[in-house]
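A.B. asks:
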Amino acid sequence: MAYIRGDFIKTEQNSLKTGKDIVGQLFPEITSKSLAGRIMTLPEAVKGKVALVCIAFVRSSQNMIDSWTQPFEQEFGKDSMFAIYEVPMINASWKVLSWMIDAGMRGGIPVEKHDNVVTFYGDYSGYQEVLGMENTNLAYVYLLDRKSIVRWKGRGYANPEAEKELLKAAMTLK
């Protein structure tokens with residue numbers, strides 16, 4: 030597997046080479062409400078920290094996100110210079126039921142993580158294009174440096190090699 034500017038180039042599901050190369054670019058602004066009820070704007074909320082931002086479109090991709098966040102949290106969770114944010118992206122047609130969807134998520138996520146889950150309800154096609162998220166059945170992960178520049182990206186499930194590369198990349202950004 031090649032590691033080129035943060036991109037894994039391979040044909041397996043967990044590797045990523047999309048049409049739009051966001052690596053080396055500022056992460057786009059996403060403003061929405063966290064499960065704790067706070068209006069948050071990414072990447073502003075993570076400026077000054079190394080952050081793993083995970084985006085998913087369907088509930089079934091949560092295990093994919095967990096495959097990336099669990100080792101990241103295990104390695105860096107006690108270090109205040111690191112942060113993990115999850116951004117569920119949900120079509121605008123579901124906004125009327127957002128109270129119910131968010132309540133369900135709050136029930137399944139520990140309270141101490143509610144500030145780090147920012148649910149976006151709306152047209153996410155622009156984010157798909159900019160971030161290269163062509164398959165909404167997959168989870169996408171982006172490693173941001175302290176200036177909110179994307180330094181690494183992945184998708185789907187983490188495999189041991191990809192996990193190792195993510196942790197190594199994060200360590201170099203500290």
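Residue numbers in the sequence shown follow my numbering, run continuously in steps of one, and reach 203 at the last position.
Don't be surprised by glycine CBs; every beta carbon is placed ideally from N, CA and C.
1) At 4 residues or longer, what runs of the alpha helix (DSSP H) sit wholly inside the stretch 116-152?
2) Quick one: complete beta strand (DSSP E) runs, 3+ long, within the stretch 69-98?
3) By a C-beta neighbour count over all protein chains shown, 10 Å radius and 16 as the cutoff for buried, is Leu64 buried or exposed?
4) Is Thr60 helix, strand or coil by DSSP?
5) Suppose the cutoff is 7 Å on Cβ atoms and the five residues either side in sequence are ignored; what does the same chain contact list for Ala74 look like?
6) Beta carbon of Ile113, beta carbon of Asn92: below 8 Å?
7) Taking the straight line between their C-alpha atoms, what separation do you get for Val179 and Leu172?
8) Can you tell me whether Gly185 is helix, strand or coil according to DSSP?
9) According to DSSP, is Leu195 part of a helix, a strand, or is it coil?
10) Could you give the distance in angstroms between the alpha-carbon of Lys203 and the alpha-carbon of Ser89?
11) Is there contact between the stretch 136-154 and the stretch 92-106, where contact requires at least three CB pairs shorter than 8 Å?
12) From the DSSP output, in three-state form, read off Leu202 for me.
13) Compare the Cα-Cα distances from Leu55 to each of Ala80, Gly66, Lys62 and Ile68 and report the closest residue.
14) Let me confirm a value: Glu141 is counted as buried when at least 16 other C-beta atoms fall within 10 Å, else exposed. Which label applies?
15) Just curious, the alpha helix (DSSP H) that Val159 is in, first and last residue?
C.D. replies: So, from the data block:
1) Unbroken alpha helix (DSSP H) runs of no fewer than 4 residues, entirely contained in the stretch 116-152, are found at 127-137, following chain order.
2) Within the stretch 69-98, the complete beta strand (DSSP E) runs of at least 3 residues are 79-85.
3) By one-based count along the sequence shown, residue 64 stands at place 35. Its Cβ being crowded by 16 or more others within 10 Å, Leu64 is buried.
4) Position 31 of the sequence shown holds residue 60. In the three-state scheme derived from DSSP, where H, G and I count as helix and E and B as strand, Thr60 is classed as strand.
5) Taking the first residue of the sequence shown as position 1, residue 74 is located at position 45. Cβ-Cβ distances below 7 Å link Ala74 to nothing in the same chain once the five nearest sequence neighbours on each side are left out.
6) By one-based count along the sequence shown, residue 113 stands at place 84. By one-based count along the sequence shown, residue 92 stands at place 63. The Cβ atoms of Ile113 and Asn92 do not sit closer than 8 Å to each other.
7) By one-based count along the sequence shown, residue 179 stands at place 150. By one-based count along the sequence shown, residue 172 stands at place 143. About 6 Å.
8) Within the sequence shown, numbered from 1, the residue matching residue 185 stands at position 156. The answer is coil: DSSP assigns Gly185 none of H, G, I, E or B.
9) To locate residue 195, count along the sequence shown from 1; it is residue 166. Of the three classes helix, strand and coil, the one that applies to Leu195 here is helix, per DSSP.
10) The residue given as residue 203 occupies position 174 in the sequence shown. The residue given as residue 89 occupies position 60 in the sequence shown. For Lys203 and Ser89, the distance between alpha carbons rounds to 32 Å.
11) The stretch 136-154, when compared against the stretch 92-106, does not touch it at the 8 Å Cβ threshold.
12) Mapped onto the sequence shown, residue 202 falls at position 173. In this structure, Leu202 counts as helix in the three-state DSSP scheme.
13) Residue 55 sits at position 26 when you count from the first residue of the sequence shown. Selection Ala80, Gly66, Lys62 and Ile68 evaluated against Leu55 yields Ala80 as nearest (Cα-Cα).
14) Position 112 of the sequence shown holds residue 141. Residue environment analysis places Glu141 among the exposed positions, since fewer than 16 neighbouring C-beta atoms fall within 10 angstroms of its C-beta.
15) Counted from its first residue, the sequence shown places residue 159 at position 130. Start and end: Ser154 to Leu160.
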